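Mapping of the sequence shown onto the numbering used here: position 34 corresponds to residue 47, and the numbering continues sequentially without gaps.
Report on the structure given below.
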Amino acid sequence: MKKQIFTLFIALTAIFASAQKTIGDVKVDAKLSVEGQNLTLNGAGTREKMFMDMYVGSLYVTKKSSDGNAISAANEAMAIKLNIVSGLISSEKMITAINEGFESSTGKKIAPLKAKIDKFKSFFKDKINKKDVFIIVYVPNDGVSVYKNGSKKGTIEGLDFKKALFGIWLGNNPADDDLKAGMLGK
14 MKKQIFTLFI ALTAIFASAQ KTIGDVKVDA KLSVEGQNLT LNGAGTREKM FMDMYVGSLY
74 VTKKSSDGNA ISAANEAMAI KLNIVSGLIS SEKMITAINE GFESSTGKKI APLKAKIDKF
134 KSFFKDKINK KDVFIIVYVP NDGVSVYKNG SKKGTIEGLD FKKALFGIWL GNNPADDDLK
194 AGMLGK
């Protein structure tokens with residue numbers, strides 16, 4: 014009887030552990046449904062700057078992978094969820110980070126994407142507070158849509174833009190190596 018109870022306890026623990034994980038104070042769900050897409054957590058991690066946690070980034074995909082370049086290039090539904098955990102993030106700092114991210118992601122070849130990048134940055138112009146949640150979702154043939162706290166800010170078309178955007182976190186020169194590793198489930 015004790016063995017059966019122990020086995021049941023282990024099974025239930027495994028079920029609950031796979032349903033959700035916690036990074037810092039953020040509960041990261043195993044599944045995400047957005048824009049009609051049912052996505053699975055690929056991995057998650059924390060964006061740190063100068064030894065301080067800025068946000069928890071979670072990558073959701075249709076097929077799990079540990080290849081950041083392949084994920085960035087894929088014309089498949091996916092999403093990145095950013096849970097802001099620091100009051101130090103401002104709209105201005107986020108826009109600066111976006112600029113730096115696109116510079117790194119594209120090898121400083123942002124000219125062809127300038128209008129799309131400017132539109133994307135406009136989605137972050139409102140005040141950013143601790144506990145805000147941004148969801149950046151890509152849907153093939155629709156583009157990249159950005160949500161802030163459940164409210165849709167807009168959509169930007171083009172696989173070229175999506176590749177550069179996801180490359181900020183998953184490319185060869187990511188914003189944060191540890192965050193990339195976490196998002197790739199490493």
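We treat Cβ as the ideally placed atom computed from N, Cα and C, and that holds for glycine.
These figures come from a predicted structure and were not determined experimentally.
Using DSSP bridges, identify the partner residues of residue i.
i: T59; result: V69
i: N112; result: For N112, which the question treats as bridged, DSSP gives no partner whatsoever.
To the nearest whole angstrom, what separates the beta carbons of residue i and residue j, a pair I think is in contact under 8 Å?
i: V74; j: G37; result: 22 Å between Cβ atoms; not a contact.
i: A57; j: M196; result: 6 Å
i: K143; j: G100; result: 4 Å
i: S103; j: I141; result: 6 Å
i: E61; j: D191; result: 7 Å
Taking 8 Å as the cut-off, decide whether the C-beta atoms of residue i and residue j are in contact.
i: A43; j: T53; result: yes
i: L72; j: I93; result: yes
With 16 as the cutoff for other CB atoms within 10 Å, does residue i come out buried or exposed?
i: T35; result: exposed
i: G180; result: buried
i: A128; result: exposed
i: A83; result: exposed
i: P153; result: exposed
i: S164; result: exposed
i: T109; result: exposed
i: P125; result: exposed
Indicate the three-state DSSP secondary structure (helix, strand or coil) for residue i in the structure shown.
i: N96; result: strand
i: N82; result: helix
i: L25; result: Its pLDDT being 37, under 50, L25 is placed unreliably by the model, and the measurement read from it follows with that caveat. In this structure, L25 counts as helix in the three-state DSSP scheme.
i: Q17; result: Because the pLDDT of Q17 is 44, which lies under 50, any placement of that residue in the model is unreliable, and the question is left without a value.
i: I181; result: helix
i: L192; result: helix
i: D42; result: strand
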